[in-house]
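When the letters of the sequence shown are read in order and numbered with my numbering, they come out as residues 1 to 532. For every residue, glycine included, the Cβ atom is placed at its ideal position computed from N, Cα and C. Taking it in order: structure first as structure tokens, then the write-up.
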Amino acid sequence: MSLFLASLLLLTELITPVDVFVQEVLRAIILVSVSVITVFISEKIEKTQIKLAISEEKYRNIVETTHEGIVVGDIQGTILYVNQRMCELLGYEREELENHNIFEFTPEDERDILVETRKKVAEGERIAFYPEFRRKDGSKLWTLAQASPLYDDQGQYMANLYMHSDITELKKARKALEVSYAQLENKVEERTRELNESEEKYRKLFEKNPDYNILFDTNGVIREVNEATVKMMGLSKDEIVGKKFTELESIPPENVSSILGELFRILEGKEIKPFESKFIDGNGDIHYIIIHAIPFLEKGKVERILGIGADITQLKKAENKILSSLSEKEALLREIHHRVNNNMQIISSLLNLQTLYVHEEETKEVLQDSQRRVKSMAMVHEKLYRAGDLSHIKFKEYTEKLVSDIFSTYNRRTGDIKFILNMDEIELNMETAIPLGLIINELVTNSLKFAFPENEGSITIELENNNGQFVLTVADDGIGLPPDFDLNKTHSLGLRLVNSLVIQLDGEISMDSSQGAEYKITFRELDYSGRF
């Protein structure tokens, strides 16, 4: 625009009359035009900067208000950034953590694992592990950590990103549950041996055991209970013994049938595993019990069944709390996918808006190519947001929508160039789907641009799964490629991007131009540990 106005000014010097007043008027008109255009462009730039600032603030708010602890560290273990949640988990201020080595907050026996994890992540792997930390007050913190690499705009490795979920209560609950199970198994073995040795020992053990002991006959009639059971039920022993357990209000109706089913299996001579049930105590409170049912045989026939119940109510409450936390995490992850998709749509819209102010066809085409690439990535996040499984998408549906959008962009009518899709019902994770979608975008775009000068032909996409080995084929029956074409030496940005994406997939690509152009990419789904 500046060159155009300068040329116009020079032209007025050459072709206008010598009249100085006329020349000055023309110069004034040109200067006013420059001012108007400058104000208009400045206003557009300012609006774009405001939108970018708002988008950056949204991401910053998400990171700082998330329930997950976030840490960014370098390959040596130096903490480059922590969010507020991680500071709260460890009990330190931000300045006490940043620029410090992670080893200062971990036990010595954890450090080899951290070193190995950092190396693998720096090499491009995504890893889930369970590190242990020391809080500022000296207590222990266990987390479920998701580690992944961070790259700059040029794809160069920068640092490692760690997302930490607090599982300290789960760790304690599991340890307590393991101890409870081990103690219960030991008690069962000890009691069985002592019952065989002495009736007196059995009586004392039965009565004084802190667990709930109930002895049934084969008809479900209670023959004996211990003191702990009597105390829990809030009834006297006489009110319990002699009744069928189905007559007691201590057992919720929904659990009666499941307990009966386990007793019938014992009477049939089958071995059963410990099972859970609910009991209502004398105060009306619900208790969760793990029950071991032990048959007593006489002449090979079951005569009595001893039920030994351990109270796991507190462990159940801790488990429910953890499950609730995981549900919140899933909702947060779904919202993040939604917001990433929205922000990519904003970027796409900005690129589209920018094309309106670009007159060079080559520049406009570059912006449109970038817009399509952003759309292909945004579509993955949209599919994940709407899917029940936040880690995988149905790739056939994704491909149909992607290619349909590309055809729409080029205004191709269905009768001119046909799209043929032969694809198994395959689900792929996000790490694999995004580069694969970009590959399809580039190859289909190339075919629509160059393969059909007469606007007639077909494009075929196939994806097969051979026991975990995937083969993607993108082919057209157009005019083909030049005889001296070398995929590894191409100057095309799109095909160079395809080569890079194949490397990212740890795959291989081959090309055949005997009948049009055909590309085959062989790869495996990138490994990724589960998020939940």
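Y288: member of the beta strand (DSSP E) spanning I286 to E298, first to last residue. The C-alpha of Y151 lies about 4 Å from the C-alpha of Y157.
By the C-beta density criterion, Y212 is buried, having at least 16 other C-beta atoms within 10 angstroms. Rounded to the nearest angstrom, the Cβ distance from K244 to V225 is 13 Å, too far for a contact under 8 Å. Counting of Cβ neighbours within 10 angstroms places S165 among the buried residues, the total reaching 16 or more. In the three-state scheme derived from DSSP, where H, G and I count as helix and E and B as strand, P435 is classed as helix. For D311, the closest of I286, A293, G300 and L297 by C-alpha to C-alpha distance is I286. Taking C-beta atoms as the reference points, I289 and G309 count as a pair closer than 7 Å. Nearest Cα to E190 within the set A159, I294, K119 and E249: I294.
When the Cα atoms are used, L215 and K171 turn out to be separated by approximately 34 Å.
Rounded to the nearest whole angstrom, the C-alpha separation of E525 and D424 is 15 Å. Here the C-alpha atom of Y162 lies approximately 6 Å from the C-alpha atom of I70. Pairing I521 with I509 gives a Cβ-Cβ distance under 7 Å.
In this structure, the CA atom of A173 is about 23 Å from the CA atom of R85. Within the same chain, Cβ atoms closer than 8 Å to the Cβ of G77 are found at N101, I102, F103, L114, V115 and R118, the five residues on either side in sequence being excluded. Here S148 is near R126, since their CB atoms are less than 7 Å apart.
At least 7 Å separates the beta-carbon of G468 from that of G516. The C-alpha of V121 lies about 16 Å from the C-alpha of L80. Take T490, set aside five residues on each side of it, and the residues of its chain with a beta-carbon closer than 7 Å to its own are R496, in chain order. Judged by DSSP secondary structure, T409 falls within the alpha helix (DSSP H) whose first and last residues are F395 to T409. By the CB criterion at 7 Å, L448 and Y410 fall inside the cutoff. Remark: C-beta atoms of S458 and G480 do not approach each other more closely than 7 Å. DSSP lists F129 and H164 as the beta-bridge partner residues of A145. Rounded to whole angstroms, the separation of the alpha carbons of A318 and L89 is 18 Å. From the listed residues I417, K396 and G269, the smallest Cα separation to G300 is found for G269. The three-state reading of DSSP puts K270 in coil, since its state is none of H, G, I, E or B. Taking the Cα of D506 as reference, the smallest distance to any Cα among V474, A475, F264 and F470 is reached at F470.
For T78, no alpha helix (DSSP H) segment is defined, and its DSSP state is neither H nor E.
Secondary-structure assignment with DSSP links F523 through a beta bridge to F470. D476 counts as buried, since no fewer than 16 other beta carbons sit within 10 angstroms of its beta carbon.
With a cut-off of 8 Å on Cβ pairs, the segment 226-243 is not in contact with the segment 251-265, counting fewer than three such pairs. The beta-carbon separation of E400 and L421, rounded to 6 Å, stays under the 8 Å limit for a contact. Taking the Cα positions, E276 is about 25 Å away from R193. Looking at S258, I266, G234 and T313, the one whose alpha-carbon comes closest to that of G284 is G234. With contacts defined by Cβ atoms closer than 7 Å, I426 and F450 do not form a contacting pair. Contact between I439 and V498 is confirmed by a C-beta separation of about 5 Å, below the 8 Å threshold.
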